[in-house]
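In the numbering used here, the protein residues as written are 12 to 680.
Quick reminder that beta carbons are idealized off the backbone N, C-alpha and C, glycines included.
This report concerns only the one structure given below.
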Ligand code: IVH
């Protein structure tokens, strides 16, 4: 029996790893999300019943248990080096000449690759299994970020193939794609939390989380670029082959890498990538040239902390000087008031920049940015232009300090600053046209109700015509009126109608997310549904009920409760449901095929194999509920060592009492 289970676990682990690779690395999923989730759930269920068979390379272990309290330090086996820089073709030429002269050859071969703009990480595998991962730190000692690196699905927990060196250390860069960075900042704004200045900071901030659950939600990537300690001669004679070997072990490397010989080819690769730079999904800040032959590398050696055999040829800085013509504010979806600088148009890395976010009042004051100032702007992460600094020497005498408005420029409601938050907010909520319009934009967005054809401009138009004031108005649009509008015709009005009709069948999680409740993103919405099952339950839930949900703290619970208490919101939701928006209730949907279908459990005493959180998760994952007190409605009391009064209460009320083993039997039935 155990042999069968071991075989099954091993089979599921390798199948899941393969699908992770197809999905995350090759971008070519072979099965549906649903099928993938079932595989993972099947593995989790078997492991829950056989916790002794859980191994660190299991895909269920990617998001480990509880947050750590601090980062441990890790001493690098081999120091993590930095790179010398070359700015401009002359410096690159000098580097090439120096290498050729030292080696006394004509044209040495280099491997040219991207210089990723993320943060360096080393990952050590022992006998093919990930043992630890650490940041670069000062080059000698870094921080242990294993718990977070494990959440990056492109990085294997177990290397592909067999016969790995006992110690195999891979080094590379952790990055965040520009799109994911943008999405993360939008999410941070919706939570009223601080945004990141660029993808590198976002990647670094995400990796330096104590709680791996947070890192798991951030979409990080990793590209390897070298080896660290390896205790076996791999008989690889050049860097290109090292990269290939790393790749064959299942670790991602970038496909933008090429052997080059001579300054012309070196410069050509640089220019080619410079052209493609804006279209790459992530930020790079130059090209790295590495002498390809390992023997030559050894001959060249090192100077202080950098190899003599490699150089980073940096791209020109993506900064430009311009003037702040004006500063005004934008009102966001959740009412956050953001100061924005209106700039004299300036060309930065291929784009004309006319606005730059000043983030919030504190940030604006810290940088002391005034109207009329000459400033240096940067396209942070190629996405959001921002002001790096003011050129104080050029400040005109009439430069004007901008004061944040006390009343919303759109709806005139009071602007307040919530304790502990950097952001100021308009209190007008949906009475504020700016917030109402963005609430609709959010409601129709792809990850929410996914209604195509209702872009921001059209929403503006519909507002002007009085066709729409809130999200429920979407369901009784006057299509005759719309047909007559500029840019619309019979066909596009009909398309919109169809898009709205077909969006009505959705999921409760998407609907809750679509409501745009402050601090409630996609993941939280899913957790809410998992726990509460029906809209009715959600609307009636108390703050305490919300607090029982995974990852929901007091701020989110308060925000949820307040939202569902407001009569206006209740009326809008009821209207929407009456207009036919529907979903299958998760409670009925999930639980029918689950072992503990809607049964309520109370736990007392110390369990042998599970912590309280673990047993709770196990029960909930199988469709059951866990409650804190015994009542007639309790299905089972699970009893461990030294049980408390709950066992007596169970006896008194005639509730069935079982132990851990019997619970496992229920699950295996
Ligand atoms: S090799 C032995 N290759 O640049 C040389 N580094 O200034 C060690 N970096 O901290 C580095 N892309 O994080 C190498 N293709 C690449 C790189 C790269 C980015 C970073 C790396 C390191 C820094 C050195």
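Neighbourhood of residue i by C-beta, 7 Å cutoff - its chain only, sequence neighbours within 5 removed
| i | result |
| --- | --- |
| residue 599 | For residue 599, the predicted structure reports a pLDDT of 40, less than 50, and the residue's modelled location is therefore unreliable. A value from the coordinates is still provided. Here the set comprises nothing. |
| residue 220 | 159 and 226 |
| residue 23 | 50, 53 and 54 |
| residue 382 | 335, 337, 338, 410, 411 and 413 |
| residue 658 | 615, 648, 650 and 668 |
Collapsed DSSP secondary structure at residue i in the structure displayed
| i | result |
| --- | --- |
| residue 33 | helix |
| residue 549 | helix |
| residue 90 | coil |
| residue 160 | helix |
| residue 352 | strand |
| residue 277 | helix |
| residue 21 | helix |
| residue 644 | coil |
| residue 366 | strand |
| residue 329 | coil |
| residue 308 | helix |
| residue 141 | strand |
| residue 289 | helix |
| residue 460 | coil |
| residue 71 | helix |
| residue 557 | helix |
| residue 149 | coil |
| residue 319 | coil |
| residue 357 | strand |
| residue 345 | coil |
| residue 177 | coil |
Buried versus exposed, by CB contacts within 10 Å (16 or more), residue i
| i | result |
| --- | --- |
| residue 602 | Confidence in residue 602 is poor, its pLDDT being 42 and thus under 50, which makes the residue's placement too unreliable to answer from. |
| residue 408 | exposed |
| residue 17 | exposed |
| residue 329 | buried |
| residue 554 | exposed |
| residue 118 | exposed |
| residue 363 | exposed |
| residue 105 | exposed |
| residue 235 | buried |
| residue 393 | Residue placement at residue 393 is flagged as unreliable, the pLDDT there being 49, under the threshold of 50; the coordinate-derived value follows with that caveat. So residue 393 counts as buried. |
| residue 509 | exposed |
| residue 179 | buried |
| residue 248 | exposed |
| residue 154 | buried |
| residue 73 | buried |
| residue 4 | No statement about residue 4 is possible, as the shown extent of the chain runs from 12 to 680 and does not include it. |
| residue 59 | buried |
| residue 136 | buried |
| residue 45 | exposed |
| residue 617 | exposed |
Any C-beta of chain C under 7 Å from that of residue i
| i | result |
| --- | --- |
| residue 168 | The chain labelled as chain C is not found in the depicted structure, where only one protein chain is given. |
Beta-carbon proximity list for residue i, same chain, < 6 Å, skipping 5 on both sides
| i | result |
| --- | --- |
| residue 375 | 350 and 369 |
| residue 39 | 33 |
| residue 68 | 140, 168 and 169 |
| residue 28 | none |
| residue 665 | none |
| residue 493 | 499 and 504 |
| residue 31 | 164 |
| residue 237 | 182 |
Beta-carbon separation (whole angstroms), residue i vs residue j, contact threshold 8 Å
| i | j | result |
| --- | --- | --- |
| residue 534 | residue 228 | 6 Å |
| residue 462 | residue 536 | Residue 462 to residue 536, Cβ: 17 Å. No contact. |
| residue 156 | residue 218 | 5 Å |
| residue 388 | residue 359 | 6 Å |
| residue 242 | residue 176 | 6 Å |
Cβ-based neighbour list, residue i, same chain, cut-off 8 Å, excluding 5 preceding and 5 following
| i | result |
| --- | --- |
| residue 216 | 207 |
| residue 487 | 590 |
| residue 481 | 441, 447, 450, 451 and 583 |
| residue 435 | 347, 348, 371, 372, 415, 426, 427 and 428 |
| residue 340 | 348, 349, 350, 351, 415, 416 and 420 |
| residue 636 | 609, 610, 611, 612 and 630 |
| residue 353 | 335, 336, 337, 338, 339, 365 and 366 |
Mind listing, in chain order, the continuous alpha helix (DSSP H) runs of no fewer than 4 residues lying wholly within the region 233-261?
250-259
Suppose only complete runs of 3+ residues qualify. What are the beta strand (DSSP E) ranges in the region 561-636, listed by chain order?
The region 561-636 contains these whole beta strand (DSSP E) runs: 611-615.
Can you give, in chain order, each stretch of the alpha helix (DSSP H) that sits fully within the region 494-539 and has at least 4 residues?
501-514 and 519-525
If you scan the region 387-426 from start to end, which runs of the beta strand (DSSP E) of 3 or more residues do you find wholly inside it?
395-401
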